[in-house]
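Per this note's numbering, numbering through the sequence shown is continuous, rising by one, with the last residue being 164.
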Amino acid sequence: MMSKLIKAINEQYNFEIESGYIYISMAHYVKDKGMDGFAHFFYKQAEEEFEHAEKFREFLFDIDEKPVLAEIPKPQEEFGNFTETFKTALEHEKEVTKRIHELYDLAIEENDHRAKSVLQWFVDEQVEEEDTFRGIIERLERINESWAGLYIYDGELGQR
Ligand code: FEO
Numbered sequence: 005m006m007s008k009l010i011k012a013i014n015e016q017y018n019f020e021i022e023s024g025y026i027y028i029s030m031a032h033y034v035k036d037k038g039m040d041g042f043a044h045f046f047y048k049q050a051e052e053e054f055e056h057a058e059k060f061r062e063f064l065f066d067i068d069e070k071p072v073l074a075e076i077p078k079p080q081e082e083f084g085n086f087t088e089t090f091k092t093a094l095e096h097e098k099e100v101t102k103r104i105h106e107l108y109d110l111a112i113e114e115n116d117h118r119a120k121s122v123l124q125w126f127v128d129e130q131v132e133e134e135d136t137f138r139g140i141i142e143r144l145e146r147i148n149e150s151w152a153g154l155y156i157y158d159g160e161l162g163q164r
């Protein structure tokens, strides 16, 4: 029988997979509009999310809990424009941060030092995730969807 905390960690395991799936959808959206560099960025982001999922999966196995997979909802396919796509990504990361913080609170409540340790890594990681997207949005807001600026930035993000 999974504790409330372990159940919530298992949910987050699934949410990280769902996050990867959402970023693949964002990659499709931008690639379809000719932005291969932005697409590269989102595919890499998806890979990172699957790595996050792996971290939770391995944690569950390490404490002798079998992970349980859930259904993954179909992601959104249209995002408005390039700036809006990255804004949606930032909003998603804020949701992840909120969930990680709730998990951390639960780990404190249940006095689970093992979970606290793995969650601390995620608390720090989320600071970086949000910062990355904020930086990109700042650039895109200056570019203001102009094709000349977008193509230059597409080349840059393709180097990620
Ligand atoms: Fe796994 Fe982007 O948070």
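The beta-carbon is built from N, C-alpha and C at its ideal position, and this holds for glycine as well.
In this structure, the ligand FEO has no non-hydrogen atom nearer than 7 Å to the beta-carbon of V72.
In chain order, G24 place their CB closer than 8 Å to the CB of E51, counting only its own chain and leaving out the 5 sequence neighbours on each side. Contact between E97 and F137 holds, with the beta-carbon distance rounding to 6 Å and staying under 8 Å. The way I'd put it, the segment 51-62 does touch the segment 12-23; three or more beta-carbon pairs between them come closer than 8 Å.
The Cβ neighbour count for M6, taken over all protein chains shown within 10 Å, is under 16; the residue is labelled exposed. In chain order, the residues that have a beta carbon nearer than 6 Å to some heavy atom of the ligand FEO are E20, S23, E53, H56, E97, V100, E133. Exclusion of the five residues before and after H44 leaves G162 as the residues of its chain whose Cβ lies within less than 6 Å of its Cβ. Looking at the backbone, the Cα of L144 and that of K70 are separated by about 43 Å. Counting C-beta pairs closer than 8 Å gives fewer than three between the segment 24-34 and the segment 104-120, which falls short of the contact rule.
Counting only residues of its own chain and dropping the five nearest sequence neighbours on each side, I147 has a CB closer than 7 Å to the CB of G153, L154, Y157.
By the C-beta density criterion, E20 is buried, having at least 16 other C-beta atoms within 10 angstroms. Within the model, the alpha-carbon separation for F46 versus Y33 is close to 10 Å. Residues of the same chain with a CB within less than 8 Å of the CB of E149, apart from the 5 flanking positions on each side, are N85, F86, T87 in chain order. Taking the CA atoms as reference points, P79 sits about 7 Å from S29.
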